[in-house]
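Numbering-wise, the UniProt record's numbering puts 223 at position 223 of the sequence shown, and it's gapless, one number per residue.
A virtual CB, placed ideally from N, CA and C, is assigned to each residue, including glycine.
Note that the structure is predicted; figures quoted are calculated from it, not measured.
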Amino acid sequence: MIQSMTGFGKASLHLPNKKITVEVKSLNSKGLDLNVRMPSLYREMELGLRTQLASRLERGKVDFSIFIESTAEQTTTKVNAPIVRAYISQLKDIYPAADETELLKMAVRMPDALKIERDEIDENDWIEIQAVIEEAVQNILTFRKDEGASLEKEFQLRIGNIRQYMTEALALDPERVQAIKDRLQTAIAELQVNVDENRFEQELIYYLEKLDITEEKVRLTNHLDYFLETINGTEANGRKLGFITQEMGREINTMGSKSNHAQMQKLVVQMKDELEKIKEQVLNVL
């Protein structure tokens, strides 16, 4: 079953002093384009996290985020009192008449007036966060599978339409062949020359063989079958589907160039339109 590269997953966790929220979203991309945003506290875990995400998500433009919301009454940001007092003292020397309240407002804006007490990673907390990350990843994978099911229905519809148009085009083949024969015979009659009937038949057969679309029909049918077989496979197959659509396009274009028949060419145009819709959606397949 195919999967879409488009998806979204979210999960959250409440710890004693904070709430952890993990979000993962992805769009289509030729490869894996992974953007990780996480608090500096957990930055040392990023390399392993990237490896984990790459193995699970495989392809796509992926944005991964960890958000921390503090629920504790205390804060890790403290006023660096000695530094602030030193600033106030220096400012008094410069502005002796200045109000102390104004000096304080100026001092707390100075470098190092506030200090952040860096927490150490709690291993137990990180184990719980890993579980939330896995939950978010699982949610995006479920989303991708659901989107893949919708894509599969779309592909089956378009492949069926191409088959139908090809069947209608082949039904016109006897009429097309007869029209070519009549046109050639009319052209010879207008020239008013004697023609060796046997030679004429040989040349006509050769000409019609050059315009025959049987091989294209067989190859296109095989490509359509292979496309459906591939979307029912178990592996990531977006690139393979892209290659198959290229081969389908080649056969459809050849049928169009050989058809030499107005109604058949209209059907070929409709086949091309269906194929373009398939190509657009294949770009979203994992």
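Discussion item. Less than 9 Å between the C-beta atoms of residue 154 and residue 246, yes or no?
Written reply: no
Practice prompt. Could you have a look at residue 62 and say whether DSSP puts it in helix, strand or coil?
Written response: strand
Worksheet item: How many Å lie between residue 161 and residue 271 at the Cα?
Response: 8 Å
Worksheet item: So residue 171 is in the alpha helix (DSSP H); what residue range does that whole segment cover?
Response: 123 to 171
Worksheet item: Is DSSP giving residue 33 helix, strand or coil here?
Response: strand
Practice prompt. Can you tell me which of the three DSSP states residue 21 falls into?
Written response: strand
Practice prompt. Have a look at 11, 220, 28 and flag the residue whose alpha-carbon is nearest the alpha-carbon of residue 239.
Written response: 28
Worksheet item: residue 214: which of 52, 169, 178, 180 sits nearest, CA to CA?
Response: 169
Worksheet item: So, is residue 47 buried or exposed, given that buried needs 16 or more other C-beta atoms within 10 angstroms?
Response: exposed
Item to complete: Measure the C-alpha to C-alpha separation of residue 249 and residue 24 and round it to an integer number of angstroms.
Response: 36 Å
Discussion item. Alpha carbons only, please: which of 4, 39, 176 is nearest the one belonging to residue 57?
Written reply: 4
Worksheet item: Taking the alpha-carbon positions, what's the residue 233 to residue 2 distance?
Response: 7 Å
Worksheet item: Based on the DSSP output, what are the partners of residue 27 in its beta bridges?
Response: 61
Worksheet item: Going straight from the alpha carbon of residue 35 to that of residue 66, what length do you get?
Response: 12 Å
Worksheet item: When the Cα atoms are used, what is the spatial distance from residue 97 to residue 109?
Response: 20 Å
Item to complete: Could you check which residue in 177, 30, 216 has the C-alpha nearest to that of residue 6?
Response: 30
Practice prompt. Out of 62, 44, 224, 147, point me to the one whose CA is closest to residue 33's CA.
Written response: 62
Practice prompt. Below 8 Å CB to CB, which residues in the same chain sit around residue 50 once its five sequence neighbours on both sides are set aside?
Written response: 34, 36
Worksheet item: For residue 14, which of helix, strand or coil comes out of DSSP?
Response: strand
Worksheet item: Short check: CB of residue 147 to CB of residue 284, under 9 Å?
Response: yes
Worksheet entry | Distance between residue 241 and residue 173 (C-alpha atoms, nearest Å) | 30 Å
Discussion item. Let me confirm a value: residue 223 is counted as buried when at least 16 other C-beta atoms fall within 10 Å, else exposed. Which label applies?
Written reply: buried
Worksheet item: What did DSSP end up calling residue 69 once you bin it into helix, strand or coil?
Response: strand
Fill in: Opposing strand residues paired with residue 249 [DSSP bridges]
In DSSP, residue 249 forms no bridge with anything.
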